[in-house]
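Take a look at the structure below.
Number of protein chains: 2
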Amino acid sequence: MATKTAAQKRAQAKEAYDAFMASCPSRQLLDRISDKWVALILAALGGESPSMRYSELSRRLAGVSQKMLTQTLRSLERDGLITRTVTPTVPVTVTYELTDLGLSLHQLMYGIKEWAEAHMDEVLTNRDNYDTQHA
Amino acid sequence: MATKTAAQKRAQAKEAYDAFMASCPSRQLLDRISDKWVALILAALGGESPSMRYSELSRRLAGVSQKMLTQTLRSLERDGLITRTVTPTVPVTVTYELTDLGLSLHQLMYGIKEWAEAHMDEVLTNRDNYDTQHA
DNA sequence: CAGAATCCTTCACGATACTG
DNA sequence: CAGTATCGTGAAGGATTCTG
Numbered sequence: 038m039a040t041k042t043a044a045q046k047r048a049q050a051k052e053a054y055d056a057f058m059a060s061c062p063s064r065q066l067l068d069r070i071s072d073k074w075v076a077l078i079l080a081a082l083g084g085e086s087p088s089m090r091y092s093e094l095s096r097r098l099a100g101v102s103q104k105m106l107t108q109t110l111r112s113l114e115r116d117g118l119i120t121r122t123v124t125p126t127v128p129v130t131v132t133y134e135l136t137d138l139g140l141s142l143h144q145l146m147y148g149i150k151e152w153a154e155a156h157m158d159e160v161l162t163n164r165d166n167y168d169t170q171h172a
Numbered sequence: 038m039a040t041k042t043a044a045q046k047r048a049q050a051k052e053a054y055d056a057f058m059a060s061c062p063s064r065q066l067l068d069r070i071s072d073k074w075v076a077l078i079l080a081a082l083g084g085e086s087p088s089m090r091y092s093e094l095s096r097r098l099a100g101v102s103q104k105m106l107t108q109t110l111r112s113l114e115r116d117g118l119i120t121r122t123v124t125p126t127v128p129v130t131v132t133y134e135l136t137d138l139g140l141s142l143h144q145l146m147y148g149i150k151e152w153a154e155a156h157m158d159e160v161l162t163n164r165d166n167y168d169t170q171h172a
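So the sequence lines, in the order shown, correspond to chains A and B. Residue numbering for the first sequence follows this note's numbering, starting at 38 and increasing by one per position. Residue numbering for the second sequence follows this note's numbering, starting at 38 and increasing by one per position.
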């Protein structure tokens, strides 16, 4: 078939786009990192307590559903950013801890967090100005 | 009414949670920053070209819908991270540029991007190991 | 060119219930 | 305690059409 339907062209454009993105190695990880639960878990685990139990994390990130918590923890474990350790007590004890790789990312994330805290007021002021000017 | 329904308790718990989160100033900004389009726009604008037109951005971030692009640009402008300049040519020309505030965040984001590129292989290896061990 | 407005889909996420 | 499994929904986001 020489001619292509609009749907086919769209499909190909999508593929070409994906291929292009795949050639940009940072993109995949960037998408994964750009997740608020990832940021919060990394922040929690990089804090004062080197390792935390599931229930501790659950409390620390108050508001997270266990589904999202488990899901995010799994993906972080899969990527080698955290370790999951099961201690066969009764009931079972599970602890999570940053790997060296995870720690290195935590450092950077911490910078972002600091930036947010440092410039929060400035941003709020900017928003007020914008809103009044576009009222 | 002295007693509360489960729905009411949930609503209150949600408010309490929101209040708690509001007391953490970094949280709001963190959520906004933890967005892949934000990261990509900041990366694009912080690159070689100091200012970019709407269409340039649209091409550079191939795959982004104009809805998401416009929406994200607006919020960044509102927060004072970028400026929007309209030049009344025919047709109209609109350029976007990082503010000093936006530039400071860009620096940090750039670190994250570099991290992602540097550790991409390691992460992919970790994923393979995880997948084979959990096959 | 640079959007605004609308419709429509999907899927991310929360709520709930169950288990080793 | 630390999850897994299932279901239902709302809201994010894409496609499309229209405009100054």
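We put the beta carbon where it would ideally sit given N, CA and C, even for glycine. Fair warning: this is a prediction, and the values are worked out from it, not measured in the lab.
Alpha-carbon spacing of residue i relative to residue j, whole angstroms
| i | j | result |
| --- | --- | --- |
| T169 (chain B) | T162 (chain B) | 11 Å |
| R164 (chain B) | H171 (chain B) | 10 Å |
| E159 (chain A) | V127 (chain A) | 51 Å |
| Q103 (chain A) | V123 (chain B) | 47 Å |
| T120 (chain A) | A81 (chain B) | 34 Å |
| A59 (chain A) | L106 (chain B) | Interpretation of A59 (chain A) is limited by its pLDDT of 48, a score under 50 that renders its predicted location unreliable; the figure taken from the coordinates is listed afterwards. Near 21 Å, if we compare the C-alpha coordinates of L106 (chain B) and A59 (chain A). |
| I149 (chain A) | I149 (chain B) | 9 Å |
| Q100 (chain B) | L145 (chain A) | Residue identity differs from the one stated: residue 100 (chain B) is Gly in this sequence, not Gln. For G100 (chain B) and L145 (chain A), the distance between alpha carbons rounds to 27 Å. |
| P125 (chain A) | A155 (chain B) | 37 Å |
| E114 (chain A) | S92 (chain A) | 17 Å |
| S88 (chain A) | S88 (chain B) | 44 Å |
| R175 (chain B) | R96 (chain A) | The structure shown has nothing for residue 175 (chain B), since chain B only spans 38 to 172. |
Limits of the unbroken alpha helix (DSSP H) element including residue i
| i | result |
| --- | --- |
| T162 (chain A) | D137 to Q170 |
| L79 (chain A) | K73 to L82 |
| S112 (chain A) | Q103 to R115 |
Proximity below 9 Å, CB of residue i to CB of residue j
| i | j | result |
| --- | --- | --- |
| Y133 (chain B) | L94 (chain B) | yes |
| L77 (chain B) | L142 (chain B) | no |
| W175 (chain B) | T109 (chain B) | The question about residue 175 (chain B) has no answer here: the residues shown for chain B are numbered 38 through 172. |
| R69 (chain B) | S112 (chain B) | yes |
| S86 (chain A) | D72 (chain B) | no |
| G83 (chain B) | Y167 (chain B) | no |
Span of the beta strand (DSSP E), counted from its first residue to its last, around residue i
| i | result |
| --- | --- |
| S88 (chain A) | S88 to R90 |
| T124 (chain B) | I119 to T124 |
Nearest-angstrom Cβ-Cβ length linking residue i and residue j, presumed shorter than 8 Å
| i | j | result |
| --- | --- | --- |
| L67 (chain B) | M157 (chain A) | No, L67 (chain B) and M157 (chain A) are not in contact; Cβ-Cβ is about 10 Å, not under 8 Å. |
| R90 (chain A) | T136 (chain A) | Actually they are not in contact, since the Cβ atoms of R90 (chain A) and T136 (chain A) sit about 17 Å apart, beyond 8 Å. |
| G117 (chain A) | L138 (chain A) | 5 Å |
Residues sharing a beta bridge with residue i, DSSP
| i | result |
| --- | --- |
| H134 (chain B) | First, the residue type needs correcting, since residue 134 (chain B) is Glu and not His in the sequence shown. For E134 (chain B), which the question treats as bridged, DSSP gives the partners B:S88 and B:T120. |
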